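**Q**
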Amino acid sequence: MFDLTFRVPDSFQALLPEELKQYGPAVVAGLEAFVAALPPERRAAVVQDLFALGAGASVEEQLVAIARRCPTLHKLGQILARDPRLPESLRSLLRELESLPARPVDEELRLGILERTASPLGEVELEASTLAEGSVAVVVPFRWIRAVSGSVEEGVFKVHKPGAVAAIDEELDIWPEVGEIFARVCVDQGVAAPNSDDLFGRMREVLEREVDLERERDNLKAAGKVFRRDRRVRVPQVLPLRDRGLLAMTRLHGVPLGAATLDRDAARRTATELFEALVLRPLLQARDIALVHGDPHAGNLMVLDGERGLGLLDWSLAAELSKAERVLIVQAVLAGLLLDRRRLERSMTGLAEEVVDGDELRAAVAAAIRSVHRGRLPGVGWLIALIDDLVLRGAVRFPPNLLVLRKSWVALAGVLLELDPAFSVESALARQVVAQSLRELPRRWLSLPFSRGFSNHLSNFDLLRITASGPAFLRNFWREVMAES
């Protein structure tokens, strides 16, 4: 009889970054509970895959094998594939999850697509092999011969893999139970446990967005408008061959970033262009709503043929950030620079949907300020660490769009560091804020003191406070010194 029990090897603990090792026993218990709760046929497939690896398989190989069978873990693996805190032995295997190899288009997939695209608009011819495959969907290239003009257009269909959506639904029902086990082990270990109900509830919201092809169609149209004048960045255009379970779009020709061979200068240039397109453009603009790509791992980024720039693929997950939210993000970073606990607390309260525990909020803010006092530069990474700390403490509930933003920045940070190990997100962001302030200087002479109608979201009064912050900075610095002593 085949043993369907999965046990995480003891060597798993060594894979965790130092700051997360305290959660090791809880993660192990949660992963074992997750596999045990899968339906019998899926659990059998997982264990058979592990058995096929052989007795000498590393813990890294076992984890990736499980992720290939479980869409939610597959998605997590894509996010972690470029995380520099993880050992290279694990990251190199996780990178395989970013885009699975091309495979022949089987008859079930071919007929399913052609039945949905029967249209008087023209004839569709599918290619023999898939172009890409992710955790949930597969991408199939095609030629579209328009009925009226006879012109030929290249495109791709994105369609859910058979059983993928049902598998996600099954796994999303399992995660709350896993969360309870995780929290219970944390308590037993004397470690603060996050609010698992809230955390996995938000996770469900985000993943349900990600499998909605209608939403992705809308995101693609919005992204196309954002980048339509950018010569270095391209987004696939939506084609009118539509069906609820199918998304048709133009085909971009190039190489996935994860598979591209770039010399040192090209890699640095690509890192800068990605940062400008995916961080600076949405964060530092004056318009009311900004669009954030929610899943910029290396499999969703393309180096276009002929050095024509970058392709931004897979807009299944995106978030809209309001002007007010971007103002609060900038104010949070400014509070860190000034060691201003009260301003930082107000900013994080404004970004949250609800403050669950005010004491934990203040404790997390104090820890973030202390990290600046010890030499950490406030910026994107610092803010992500604060968001994570607030979530783990159960201090606040953040809206889904902020969690998508956090996910986006974490995925992109790893990609940027692999392209250019010397790339500093914080320094690049600071340079851009200063440059925009100088460009907008003529407008500022005619603006009210408290107006934040600028791309960097800083009012004239904010700038005045920064330039006059010497005494306040020294006061806050001394207070932190006394607090630590």
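Convert by adding 11 to the 1-based position in the sequence shown; the result is the number in this note's numbering.
Just so it is clear, CB atoms sit at the ideal spot from N, CA and C, and this is done for glycine as well.
The model shown is predicted, which means the values in this text are computed figures rather than measured ones.
#1: Using the C-alpha atoms, what's the distance from VAL135 back to PHE153?
#2: What residue range does the beta strand (DSSP E) around VAL303 cover?
#3: Keeping to the same chain, check which residues put their C-beta closer than 7 Å to that of ALA113; ignore five residues upstream and five downstream.
#4: Tell whether a beta-carbon distance below 8 Å holds between ALA329 and LEU302.
#5: So, helix, strand or coil for ARG154, using DSSP?
#6: Measure the Cβ-Cβ separation of LEU42 and VAL70 and say whether it is below 8 Å.
#7: Along the chain, where does the beta strand (DSSP E) that runs through ALA330 open and close?
#8: For MET313, write down the residues that DSSP places opposite it in a beta bridge.
#9: When the Cα atoms are used, what is the spatial distance from GLY310 to ALA177?
#10: Within the same chain, show all residues whose beta-carbon is closer than 7 Å to that of ALA278, passing over the 5 residues directly before and after it, in chain order.
#11: Would LEU84 pass as a contact of LEU105 if the rule is Cβ separation under 8 Å?
#12: Just the Cα atoms here: how many angstroms apart are THR397 and LEU137?
#13: State the Cα-Cα distance for the pair ARG408 and PHE461, rounded to the nearest angstrom.
#14: Where does PRO50 land, buried or exposed, given buried means 16+ other C-beta within 10 angstroms?
#15: Suppose the cutoff is 6 Å on Cβ atoms and the five residues either side in sequence are ignored; what does the same chain contact list for GLU164 look like?
#16: Which residue's Cα is closest to the Cα of GLU109: MET313, LEU428, ASN471, LEU339?
#17: How big is the Cα-Cα spacing for ALA56 and ARG80?
#18: What's the call for THR16, buried or exposed, on a 16-neighbour Cβ count within 10 Å?
#19: Nearest CA to the CA of LEU401: which residue from VAL376, LEU273, VAL383?
#20: Taking only the alpha-carbon atoms, compute the straight-line gap between GLU491 and ALA78 and give it to the nearest angstrom.
#21: Taking the alpha carbon of ARG215 as the reference point, which residue from TRP186, LYS236, ARG226 has its own alpha carbon closest?
#22: Taking the alpha carbon of ALA48 as the point to measure from, which residue in LEU224, ARG280, GLY88, GLU182 has its own alpha carbon closest?
#23: Are the beta-carbon atoms belonging to VAL290 and GLY347 less than 8 Å from one another?
#24: Indicate the three-state DSSP secondary structure (helix, strand or coil) for ASP241 in the structure shown.
#25: At a cut-off of 7 Å, is ARG354 close to the ligand NAD when judged by its beta-carbon and the heavy atoms of the ligand?
#26: Quick check: the Cα distance between ALA499 and GLY265, rounded to an integer number of angstroms?
#27: For GLY145, which of PRO82, ASP473, GLY166, VAL116 has the nearest alpha-carbon?
#28: Could you tell me whether the Cβ atoms of ARG355 and ALA335 are closer together than 8 Å?
#29: Who are the Cβ neighbours of ILE395 in its own chain at under 7 Å, not counting the five residues just before and after it?
#30: Can you tell me whether ARG245 is buried or exposed? The criterion is at least 16 other CB atoms within 10 Å of its CB, across all chains shown.
#31: With respect to the alpha helix (DSSP H) encompassing GLU164, which residues constitute its N-terminal and C-terminal limits?
#32: Can you tell me whether LEU257 is helix, strand or coil according to DSSP?
#33: What's the call for GLY190, buried or exposed, on a 16-neighbour Cβ count within 10 Å?
#34: So what does SER22 bridge to, in DSSP terms?
#35: Rank GLU219, LEU324, PRO411 by C-alpha distance to the C-alpha of PRO247 and give the top, closest one.
#36: GLU107 to LEU345, Cα distance in whole Å?
**A** Inspection of the coordinates gives the following:
#1: So the two alpha carbons sit approximately 7 Å from each other.
#2: Unbroken beta strand (DSSP E) run through VAL303: 300-304.
#3: SER140, THR141, LEU142.
#4: Taking C-beta atoms as the reference points, ALA329 and LEU302 count as a pair closer than 8 Å.
#5: Note: ARG154 maps to strand in three-state DSSP.
#6: Not closer than 8 Å, so no.
#7: Secondary structure note for ALA330: its beta strand (DSSP E) is the uninterrupted segment 329-333.
#8: According to DSSP, MET313 shares a beta bridge with PRO267, GLY322.
#9: The straight-line gap from Cα to Cα measures roughly 24 Å.
#10: Closer than 7 Å at Cβ, skipping near neighbours: LEU430, ASP431.
#11: The Cβ atoms of LEU84 and LEU105 do not sit closer than 8 Å to each other.
#12: The sequence given here places Leu at residue 397; Thr does not occur at that position. So the two alpha carbons sit approximately 48 Å from each other.
#13: Answer to the nearest angstrom: the Cα atoms are 29 Å apart.
#14: So PRO50 counts as exposed.
#15: A distance below 6 Å between beta-carbons, with the five flanking residues on each side excluded, links GLU164 to the following residues of its chain, in chain order: TRP155.
#16: Between GLU109 and the set MET313, LEU428, ASN471, LEU339, the nearest pair of CA atoms involves MET313.
#17: If you take the alpha carbons of ALA56 and ARG80, they lie about 8 Å apart.
#18: With fewer than 16 other beta carbons inside 10 angstroms of its own, THR16 counts as exposed.
#19: Nearest C-alpha to LEU401: VAL376.
#20: Confidence is the limiting factor: at GLU491 the pLDDT is only 48, short of 50, which leaves the residue's position unreliable, though a coordinate-based value still follows. If you take the alpha carbons of GLU491 and ALA78, they lie about 44 Å apart.
#21: Nearest of TRP186, LYS236, ARG226 to ARG215, Cα basis: TRP186.
#22: Selected option, being the one with the closest Cα: GLU182.
#23: No; because the gap between Cβ atoms is not below 8 Å, this pair is not in contact.
#24: ASP241: coil per DSSP, three-state reduction.
#25: By its list of ligands, the structure shown contains no ligand whatsoever, and the ligand NAD lies outside what it can speak to.
#26: Nothing about residue 499 can be reported from this structure: the residues present for the chain run from 12 to 496 only.
#27: In terms of CA proximity to GLY145, PRO82 leads the group PRO82, ASP473, GLY166, VAL116.
#28: Before going further, note that residue 355 is Leu rather than Arg in the sequence given. No. Outside cutoff.
#29: ARG417, TRP420, VAL421.
#30: When all chains shown are included, ARG245 counts as buried.
#31: GLU164 -> not in any alpha helix (DSSP H); beta strand (DSSP E) instead, spanning 163-171.
#32: Of the three classes helix, strand and coil, the one that applies to LEU257 here is strand, per DSSP.
#33: Buried, since its Cβ has 16 or more Cβ neighbours within 10 Å.
#34: In the DSSP assignment, SER22 is bridged to no other residue.
#35: Checked all of GLU219, LEU324, PRO411; the closest Cα to PRO247 is LEU324.
#36: Whole-angstrom Cα-Cα distance: 39 Å.
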